[in-house]
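So the protein sequences, as listed, match chains A and B. Under the working numbering, residues 31 to 451 are what the first sequence spells out, in order. Under the working numbering, residues 31 to 451 are what the second sequence spells out, in order. Don't be surprised by glycine CBs; every beta carbon is placed ideally from N, CA and C. Only a predicted model underlies this, so the values are computations on that prediction, with no experimental measurement involved.
There are 2 protein chains.
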Amino acid sequence: MSDKSLSQPIRGARDFYPEDLAVRNWLFDKWRDVAKSFGYEEIDGPVLESFDLFAAKSGDELVNQQMYMLEDKDGRKLGVRPELTPTYSRMVAKRQNELIYPLRWTMFGNTWRYEKPQTGRSRDFWQWELNLVGGEESTADAEVLVIAAKAMEAIGLTPEDVVFRINDRRFMQESLTEIGISGLLYDQTTKLIDRREKISQDEFNSGLQNISLTNDQIGQLNSFLQASDLEKSPKLKELFLLLDRYGILPYCRFDPLIIRGITYYTGTVFECFDKNQGLRSVFGGGRFDDLVKTFGGGKIPAVGFAAGDVVIIELLRRLDKLPKLTPLPTRVLATVFSPDLFSDSLSLSLSLRSQGIPTELYPELSAKLDKQLKYASRKGIPYVAILGPEEVEKKLVTIKNMQTGEQKQTTMEGLKALIEN
Amino acid sequence: MSDKSLSQPIRGARDFYPEDLAVRNWLFDKWRDVAKSFGYEEIDGPVLESFDLFAAKSGDELVNQQMYMLEDKDGRKLGVRPELTPTYSRMVAKRQNELIYPLRWTMFGNTWRYEKPQTGRSRDFWQWELNLVGGEESTADAEVLVIAAKAMEAIGLTPEDVVFRINDRRFMQESLTEIGISGLLYDQTTKLIDRREKISQDEFNSGLQNISLTNDQIGQLNSFLQASDLEKSPKLKELFLLLDRYGILPYCRFDPLIIRGITYYTGTVFECFDKNQGLRSVFGGGRFDDLVKTFGGGKIPAVGFAAGDVVIIELLRRLDKLPKLTPLPTRVLATVFSPDLFSDSLSLSLSLRSQGIPTELYPELSAKLDKQLKYASRKGIPYVAILGPEEVEKKLVTIKNMQTGEQKQTTMEGLKALIEN
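Put into structure tokens, the structure is as follows:
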């Protein structure tokens, strides 16, 4: 049986070949270093969770439209996680009384969402999650935003490339209440605000009319969205002062259009977008003071963000800011001259590895030397070691630099220096 | 809404708190380094695959009893991968004609099996997969076994602790054919051999009688299993000669009881067990020359192994060979003396981080200093920096060594040296 269709991943899933994984590892290593520099410890949790964990707070779109659901053999409803925040919060809730606050954890994990695959949007993606748990002041909000800014800096994205658009749900609630929008009307209105940039002014207005806002309210709302001033929100004012002290104000902008679809946010919300490419949100986050409580136990304030790998890698590619990476670790190919000399090449490979030099041994007894050299050349292996009868007799080894073509004989002791130069 | 049961992961799933993840990362980093030293590149693939990918060859138990299955919204049958080899082989098949052979890839990934959770057996585990693709000689089999041995060495497991039990399915087929066991009878017999160690001699014999083996055949089979000599298999003889040259013979033993349940193995098979703890298999592998072909395209020989994280960590724990790890990266807590001095502590934290010193800033404006010191002490943060009005005026900082209790004032420039000593 041979079935060519079996060689493809499922729709929207991603195969990471060495050159692809090298990029993701580069990205996440950079971000991991930033998180560590702020004292964040790394955790991990299961890719499968109870359906109820997400149903509790993740919001209708994520749960009912985008989640991969399954039943285990005992009939329990499970979900493939569409985001990491519920798992993270559950792990806090589980050990709530033993943990030490303020708690700084970060997490890297695979998530799945059933979306239409297109550029910058696969169904299978990886997320970086970072939260500061147990801090309720603006200082905590500022810290996670600074980490996000340092994370952008670390991969070469400047305020020319990306903008952090920041808002506060508490401020929105107060401001909209002032123009008579509250309760169910508030929820309906913020849903429209969330879609504001995807629809025209007319569509927005008629949407507001449909939920029975008066023309006066619609006028006031539009003025608020166009000309609101963060000075009116003490929380936002304080936050922006801190962002200034941290030196990251150039990345940041107050924006009353940022609401975010996820249900569990309770205060500051933010989203990062690229400035010129029109891609989807690069990352998003906010304050979620009630989520840990939802999963059992007392209220613990928390603020943080999640950044996916897909959009940011697409952005870096378009801006030509992806580094040139060499996934191949091999420095030397130890060739096999003839079956009876295999042991000698084997010993050489062991010796090189024990000196910290990644070495491949050609795994055939009688392959032609030409074939082995061609393999090294195609693969991009920088050095080839040849051990023929002459070399073995003289206890030497011939080293060929595959870039220059230069060939030298050296002792075993001289080998390392030759390869490292 | 607050639901305590929501704080638990699903049955058999694993939460990796910082101290748990540190262990897994330590283990996989050690193994990754070994793989790299042999020139292996790292790949990754999706945790969800088409059901058919596993149905093709993974064997009845894995597919029909242990796999988590789901349907996507278009009604396609998917599976949460119970092992990594099918994904790995699929990725080879997909690019079969562009890839350069011999191909050396390794992979670390999450896998799920619906098993009864118990010690050393969770439903949610991580595997290290490593294969050499495109080499059909014993030299390739030897290479992956050497890598496995180096991987054991790297984490402190010696031939006193673990044994690699090695067999060859080709040799088994020949030997059993000699005593008239072939075709369906061969499959039935090897299934019993696979279970031999879990049942008594009587149960084994009556199992053989049930599949209609004669008493003479049963006698011959038992003699073969007890006293077979690898000298009778040229392949195994050659392999063990190579293992000797690699210096890893002390780890290795020929064992005709090793058959392995997975359908796709075609030659050498092996399994590693601990010697004294009676745990499950630590890792297993073998040659699978037909699997890539199953997923489309031509035949490409391959040999390799997969090692899970659960059993090996349990083994290391029992042998007291797990290292002491410190998941907390923080070196310094920058305390906040008073709201008006928050900016000074903020600047200090930025400066320390820019010098490569992981630093936490206490994220509250008015927390008592005592509370902050207590936090640092409970958390195990080695140094605390205090910036009061006096320090700020003199442009100094007070550093407290939390281990010794010693307190010193220093300039900003002198800080780094003080912390690193």
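Handout entry: 9 Å Cβ cut-off: residues of chain B touching residue 110 of chain A
Key = 77, 78, 100, 110
Problem - chain B residues whose Cβ lies nearer than 7 Å to that of residue 394 of chain A - result: 165, 167, 169
Exercise for the section: With a threshold of 16 other CB atoms inside 10 Å of the CB of residue 106 of chain B, please say whether the residue is buried or exposed. Expected result: exposed
Practice task
Find the nearest neighbour of residue 368 of chain A within the set A:406, A:401, A:66, A:383, judged by alpha-carbon distance.
Solution key: In this structure, A:401 is the residue among A:406, A:401, A:66, A:383 with its C-alpha nearest to the C-alpha of residue 368 of chain A.
Practice task
May I have the straight-line CA-CA distance separating residue 431 of chain A from residue 413 of chain A, to the nearest angstrom?
Solution key: 5 Å
Exercise for the section: Pick out whichever of B:112, B:323, B:154, B:86 has its Cα sitting closest to the Cα of residue 92 of chain B. Expected result: B:112
Problem - Spatially closest choice to residue 203 of chain A from A:218, A:194, A:190, A:195, by CA coordinates - result: A:218
Handout entry: Nearest candidate by alpha-carbon position, reference residue 108 of chain B, set A:441, A:100, A:170
Key = A:100
Practice task
Check each residue of the stretch 54-86 of chain A: if its Cβ is closer than 8 Å to any Cβ of chain B, include it; give the result in chain order.
Solution key: 54, 55, 66, 67, 68, 69, 70, 71, 72, 73, 74, 75, 76, 77, 78, 79, 80, 82, 83, 86
Practice task
Would you mind telling me which residues of chain B sit closer than 8 Å to residue 358 of chain A, beta carbon to beta carbon, in chain order?
Solution key: 69, 71
Practice task
List the residues of chain A whose Cβ lies closer than 8 Å to the Cβ of residue 388 of chain B, in chain order.
Solution key: What residue 388 of chain B touches in chain A: 66, 67, 68, 69.
Handout entry: Extent of the continuous alpha helix (DSSP H) run through residue 426 of chain A
Key = For residue 426 of chain A, there is no enclosing alpha helix (DSSP H); the residue is found in the beta strand (DSSP E) stretching over 426-431.
Exercise for the section: Grab me the residues of residue 371 of chain A's own chain with a C-beta within less than 8 Å of its C-beta, minus the 5 sequence neighbours each way, in chain order. Expected result: 417, 418, 419, 422
Problem - N- and C-terminal bounds of the alpha helix (DSSP H) containing residue 446 of chain A - result: 442-450
Problem - Cα-Cα separation between residue 199 of chain B and residue 258 of chain B, rounded to whole angstroms - result: 14 Å
Problem - Those residues which DSSP pairs with residue 452 of chain A across a bridge - result: No statement about residue 452 of chain A is possible, as the shown extent of chain A runs from 31 to 451 and does not include it.
Problem - Extent of the continuous beta strand (DSSP E) to which residue 80 of chain A belongs - result: Element bounds for residue 80 of chain A: 78-80.
Exercise for the section: Assign residue 119 of chain B to buried or exposed, taking buried as 16 or more other Cβ atoms, counted over all protein chains shown, within 10 Å of its Cβ. Expected result: buried
Exercise for the section: Would you identify the three-state DSSP class for residue 335 of chain A, choosing helix, strand or coil? Expected result: strand
Exercise for the section: Would you kindly work out how many angstroms separate the C-alpha atoms of residue 189 of chain B and residue 300 of chain B, rounded to a whole number? Expected result: 15 Å
Exercise for the section: Tell me whether residue 117 of chain A is buried or exposed, calling it buried when 16 or more other Cβ atoms sit within 10 Å of its Cβ. Expected result: buried
Practice task
For residue 227 of chain A, count neighbouring Cβ atoms within 10 angstroms of its own Cβ and tell me buried if that reaches 16, exposed if not.
Solution key: exposed
Exercise for the section: Note down, in chain order, every chain B residue with its Cβ under 7 Å from the Cβ of residue 142 of chain A. Expected result: 78
Problem - Members of the stretch 422-450 of chain B near chain A, C-beta cut-off 7 Å - result: Within the stretch 422-450 of chain B, no residue qualifies.
Handout entry: Cβ of residue 368 of chain B within 8 Å of any chain A Cβ
Key = So, not an interface residue.
Problem - Contact set between residue 336 of chain A and chain B, taken where Cβ atoms lie within less than 8 Å - result: Result: empty, since nearest Cβ-Cβ is about 18 Å, beyond 8 Å.
Practice task
Could you please give the first and the last residue of the uninterrupted beta strand (DSSP E) stretch that includes residue 347 of chain A?
Solution key: Note, residue 347 of chain A: premise wrong, no beta strand (DSSP E); alpha helix (DSSP H) at 340-348.
Exercise for the section: Output yes or no for whether 8 Å exceeds the beta carbon distance between residue 429 of chain B and residue 445 of chain B. Expected result: yes
Exercise for the section: Report the residue from B:308, B:78, B:290 whose alpha carbon sits nearest the alpha carbon of residue 191 of chain B. Expected result: B:308
Problem - Inter-stretch contact at 8 Å, needing at least 3 Cβ pairs: the stretch 35-51 of chain A / the stretch 79-87 of chain A - result: no
Problem - Selected residue, minimal CA-CA separation from residue 79 of chain B, among A:68, A:58, A:41 - result: A:41
Handout entry: 8 Å Cβ cutoff met for residue 69 of chain B and residue 390 of chain A
Key = yes
Exercise for the section: Alpha carbon to alpha carbon, how far is residue 174 of chain A from residue 197 of chain A? Give it in angstroms, no decimals. Expected result: One C-alpha to the other measures close to 14 Å.
Exercise for the section: Kindly indicate which three-state DSSP category residue 161 of chain B falls into: helix, strand or coil? Expected result: In the three-state scheme derived from DSSP, where H, G and I count as helix and E and B as strand, residue 161 of chain B is classed as strand.
Handout entry: Min CB distance residue 381 of chain B to chain A below 8 Å
Key = Against chain A, the CB of residue 381 of chain B has no partner CB under 8 Å away; the residue lies outside that interface.
Exercise for the section: Give me whichever residues DSSP pairs with residue 265 of chain B in a beta bridge. Expected result: Paired residues: none, contrary to the question.
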